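Undergrad: According to numbering that gives the first Met the number 0, the residues represented by the sequence shown are 0 to 213, in order. Glycine included, each C-beta is placed from N, C-alpha and C at the ideal position. Owing to the predicted nature of the structure, the values given are computational and were not obtained by experimental measurement.
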Amino acid sequence: MELLNKIVKRGQFYLPVFAQQATYLQHASKTLCAMMETMEMPKWRSLEKEVKACEVQGDALLTELHEQLSEKFMTRLKKIDIQVIAMSMDELLDHINDSAKSFHLYSPDRIDPQIADLAQYIHAQADALRQMVSYLGDIKANYAQIAMQCERITELEHAADDTYEEYIGFIFNNEKDAIQVIKYKNIAEQLEAATDAAKRVSDNVRKVILKHME
């Protein structure tokens, strides 16, 4: 029985990796939201570094996962499926880092409510991802819970799309300086891209769990 437990544990080595990735995503997205609560450049720089630290740690974790996947042993999920999920979560972390970096790059004079809302959507998606990952240890038993979190992420992405489109109309109608228009449009695009990346994670998980249920 002890040997069997070790084999099962070995076959699910990716679960702690997914969980740690989700933790980085949650922390990075929370830090991104904190950037919306200040207009102080030194504070932005400090928070940006915090997000960057999560991104660097996430890259190292992904490298470690790839090394483990290169070994020849059985896993509960197909190795390609594990890789796709992990890489899509890493892509989301990259987008959150890019969003944080955009504040340092463009130094906006204000933070419009729609911008803050987009950051909140990203954080809510990260929370849903963390919950979703916690259920992947037993896909068949937790299918409904996983699907529910995937749907939640999709709903948040749709809401973010609406907010982004509303904001683009707002800045083009109210901002007369072309440079300022470009600045706020680019910041919003980075944030909206992150919400799209979160949906790609959930889409990939949906594909995996559907194959697992066959």
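Touch check for the segment 77-84 and the segment 35-55: three-plus C-beta pairs under 8 Å?
TA: No: the two stretches stay apart, fewer than three of their Cβ pairs being nearer than 8 Å.
Undergrad: When you compare the segment 129-148 with the segment 55-74, are there three or more beta-carbon pairs, one atom per stretch, that lie closer than 8 Å?
TA: Output reads no: the segment 55-74 does not touch the segment 129-148.
Undergrad: In terms of residue numbering, what span does the alpha helix (DSSP H) encompassing K42 cover?
TA: It spans M40 to L68 - the alpha helix (DSSP H) in which K42 sits, taken as one unbroken run.
Undergrad: Anyone know if the C-beta pair for N203 and V83 falls short of 8 Å?
TA: In this structure, V83 lies closer than 8 Å to N203 by Cβ.
Undergrad: Between V7 and D137, what straight-line distance do the alpha-carbon atoms span, to the nearest angstrom?
TA: The predicted model places V7 with a pLDDT of 40, which falls under 50 and marks its position as unreliable; any figure quoted below should be read in that light. About 12 Å.
Undergrad: Please list the terminal residues of the continuous alpha helix (DSSP H) segment that includes E174.
TA: Neither: E174 is in no alpha helix (DSSP H) and is coded neither H nor E.
Undergrad: Identify which residue in L128, I178, K42 and A123 has its Cα closest to the Cα of L14.
TA: L14 has its Cα closest to that of L128, out of L128, I178, K42 and A123.
Undergrad: Could you check the C-alpha separation between A27 and C53 for me, to the nearest Å?
TA: Roughly 6 Å between the two C-alpha positions.
Undergrad: Taking the straight line between their C-alpha atoms, what separation do you get for K51 and D176?
TA: One C-alpha to the other measures close to 31 Å.
Undergrad: Out of Y23, S87 and D58, which one is the CA nearest neighbour of V207?
TA: Nearest option by C-alpha distance: S87.
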